[in-house]
Each structure stands twice: as structure tokens, then as C-alpha cells.
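Heads up: take any position in the sequence shown, counting from 1, add 6, and you land on the working numbering.
Reviewing the structure listed below.
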Amino acid sequence: MIFVLIIVQSALGLSEIARIVNEKKTTWTARDYSKDIIDDSIIQKQQLDSFQQFFDMKAVPAPLNNNLPESFDAREKWQNLYGIKKQGKCSSCWAHAAAEVAENRLAINGCPKGRLSPQDLISCDLNDNGCTFGLPYVVWPHVLQYGIATEECIPYVSNESRIPLCPTKCANGSDIVRYKPERISYLLAKDMQQEILDNGHVDTAIITYEDFSHYEKGIYQHTYGGPVYAHAIVAIGWGVENGIPYWLIQNSYGEEWGEKGYFKILRGSNECGVETLPFVGVERFKSVRNSGS
């Protein structure tokens, strides 16, 4: 499967994009970020063509009328969950999202292992493409087969796009222990809320547009510009703000971006494809020692 590059070069400067969004007075506000933060989000060299075939599907949006709570935040139901990371100058959102779903589901199930290692996936998952791109529906079969190590064992070093070979030992020389889910599951949009309510974080993805990296607060919906890249994210809840339904999302741009690293996106209309590709590693995990790929 080939992930073909589509990068839109805007004729407008970054400040101009934020100004246009804010003048439209839509459901969210935009801002300019310092170069290190903005560059981190637009440097993605991900390519859209093979992913686009999934986002072009007429996915059935998540229903708005159900018997579930009007709002839910996994951080309020479960204590000691793991929050925002920063992927840096590496298109490793796919690895961060998978690691964050796995580490939080382990914690939710009473087996916290600390932070899990996106670097393990970047270096060892040969079916994805390191700092170039990766796909949720490719990385999860890898996690199912090989597992994922802790970040203490394999620290993140690809923030500057450096990708070391898949390690055979932990950074401290000890054996690598990886954690494998018993099964993985693709979700339908209609099941996303119940899954988050029962079991926690869900890995999903969106097509981002030129305006997305300027998000400051509010409920994001595409307002300006063409598609830039596919971006893996983690859904952790939902709610309604000023009568508008949203998903609550954990991102990987660092705490300086958005609402302390989180953002909201329109719910119930498959905005930017957010309800197209939800994926999870389910319930129980088991450990395997020296499991290399």
C-alpha cells in the first residue's frame, strides 16, 4: 500500500491563516505558534493517497441520539492516566497514538507499566515508515504480534527525525519486555462512545488541513485551506459545548499546542474523517521477554 505525498503550499502566511479563521467566527479560534511548535505540526511528510481511499468512504457518522451520558472524559473516570507527549520533527503520530492507547488501557485495567515506547514502534515496525508516515491499521497488527516496550527501556530519540535500528536490549542493557494485547479491534463509529466509556482511549485518525496546526481552543472543524497530511490521534471522551457536539482528543504536539495539548473536534458528522478509522488494542495485555521484530 503506497502512501502518496500531498502537501499543500499555501500562498498565505501563517498569521494570515489564523486571521482568516478568526474572522469567520466559527466554533473555534486560531493562533500563531512559535516556529518550533508550528514546524513540528507542518513538517509531517505524510502522504495521503492510500489513506485517502479510506477517508473517501461514506462512513456512517457517530449517532448523536443515544442513551449515553451527554459528556464524558476518561481522565475524570480513571485516575493516574498518561497525558500529552511531543512527537517533534518526526511524523510519528501513528506510533504515539498506539503507545498512548496501550499504556492508558493497561493503567485502566489495573496493570500500569508506565509510559510505553513510540520509539520501539518507529524503529521496529518495518511495515510502517518511521518518521515518514504510519497507519493505525498497520501498527496495531504489529503490536498484536510483537508487543510494545516501555519508554524507560527504549526512550524516544526520533524527535529530530533520527531513527536508530530496532534494539535488542533496553537502554540500560537489560532484556526487553514487551506488552501485547490479546486482540485488536476495528470499531464502527456508532460504537466509539461506548468503547471509550467502558474501556478508555481509542486510536483514530483525521485528515488535517492548513488551518489545523493553528488550533487554539473551541471545537475544530475545517475552515480554511486544503488537505496536508493524515494524522493519528487518541479519542478520550466527548461532550457538548454551546449546543455543538464534539470529541475530546489527545494530540501529540506537546502541551504548548491547543488546549494544553488536547483539542475538540466536531462529533456526529465524521469531521475530517475522525469517525472513519477507530482502532483499539483490547482489554488484557500479556508480557513477552526479548520479543524482537
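Cβ coordinates follow ideal geometry from the N, Cα and C atoms, glycine included.
Do you know how far the Cα of residue j is from the Cα of residue i?
{"i": "residue 25", "j": "residue 154", "result": "42 Å"}
{"i": "residue 174", "j": "residue 286", "result": "27 Å"}
{"i": "residue 113", "j": "residue 216", "result": "35 Å"}
{"i": "residue 292", "j": "residue 249", "result": "42 Å"}
{"i": "residue 300", "j": "residue 195", "result": "Lying before the first or after the last residue shown, residue 300 is absent from the chain, which here runs from 7 to 299."}
{"i": "residue 172", "j": "residue 161", "result": "12 Å"}
{"i": "residue 33", "j": "residue 213", "result": "18 Å"}
{"i": "residue 73", "j": "residue 276", "result": "20 Å"}
{"i": "residue 83", "j": "residue 142", "result": "25 Å"}
{"i": "residue 232", "j": "residue 23", "result": "12 Å"}
{"i": "residue 211", "j": "residue 295", "result": "31 Å"}
{"i": "residue 68", "j": "residue 92", "result": "29 Å"}
{"i": "residue 272", "j": "residue 208", "result": "16 Å"}
{"i": "residue 206", "j": "residue 242", "result": "7 Å"}
{"i": "residue 239", "j": "residue 123", "result": "16 Å"}
{"i": "residue 87", "j": "residue 193", "result": "22 Å"}
{"i": "residue 278", "j": "residue 28", "result": "19 Å"}
{"i": "residue 168", "j": "residue 38", "result": "27 Å"}
{"i": "residue 70", "j": "residue 197", "result": "12 Å"}
{"i": "residue 120", "j": "residue 127", "result": "16 Å"}
{"i": "residue 189", "j": "residue 151", "result": "10 Å"}
{"i": "residue 12", "j": "residue 21", "result": "Any reading at residue 12 must be qualified, since the residue scores a pLDDT of 40, below 50, and its modelled position is unreliable; the value itself is stated next. Distance between the alpha carbons of residue 12 and residue 21 is about 22 Å."}
{"i": "residue 115", "j": "residue 81", "result": "14 Å"}
{"i": "residue 158", "j": "residue 191", "result": "27 Å"}
{"i": "residue 43", "j": "residue 75", "result": "35 Å"}
{"i": "residue 274", "j": "residue 222", "result": "22 Å"}
{"i": "residue 78", "j": "residue 244", "result": "5 Å"}
{"i": "residue 225", "j": "residue 146", "result": "28 Å"}
{"i": "residue 36", "j": "residue 262", "result": "14 Å"}
{"i": "residue 280", "j": "residue 144", "result": "17 Å"}
{"i": "residue 227", "j": "residue 252", "result": "10 Å"}
{"i": "residue 260", "j": "residue 90", "result": "6 Å"}
Name the one or two DSSP bridge partners that residue i has.
{"i": "residue 292", "result": "186"}
{"i": "residue 135", "result": "139"}
{"i": "residue 212", "result": "237"}
{"i": "residue 191", "result": "286"}
{"i": "residue 122", "result": "156"}
{"i": "residue 34", "result": "224"}
{"i": "residue 272", "result": "252"}
Buried or exposed: which applies to residue i, given that a residue is buried once 16 or more other Cβ atoms fall within 10 Å of its Cβ?
{"i": "residue 66", "result": "exposed"}
{"i": "residue 166", "result": "exposed"}
{"i": "residue 246", "result": "exposed"}
{"i": "residue 219", "result": "buried"}
{"i": "residue 282", "result": "buried"}
{"i": "residue 117", "result": "exposed"}
{"i": "residue 30", "result": "exposed"}
{"i": "residue 254", "result": "buried"}
{"i": "residue 258", "result": "buried"}
{"i": "residue 180", "result": "exposed"}
{"i": "residue 204", "result": "exposed"}
{"i": "residue 200", "result": "exposed"}
{"i": "residue 97", "result": "buried"}
{"i": "residue 284", "result": "buried"}
{"i": "residue 40", "result": "exposed"}
{"i": "residue 256", "result": "buried"}
{"i": "residue 125", "result": "buried"}
Within 8 Å (strictly less), CB to CB, does residue i reach chain D?
{"i": "residue 253", "result": "The structure shown contains no chain D; it is built from a single protein chain."}
Going residue by residue through the stretch 221-265, where are the continuous alpha helix (DSSP H) segments of at least 4 residues, counting only ones entirely within it?
none
Would the stretch 175-191 and the stretch 107-121 be scored as touching if the rule is three or more Cβ pairs under 8 Å?
yes
Segment contact flag, the stretch 85-103 with the stretch 124-135, C-beta cutoff 8 Å, min 3 pairs
yes
Complete runs of the alpha helix (DSSP H) confined to the stretch 78-104 [at least 4 residues]
80-83
Examine the Cβ distances between the stretch 258-278 and the stretch 135-145 and report whether three or more of them are shorter than 8 Å.
no
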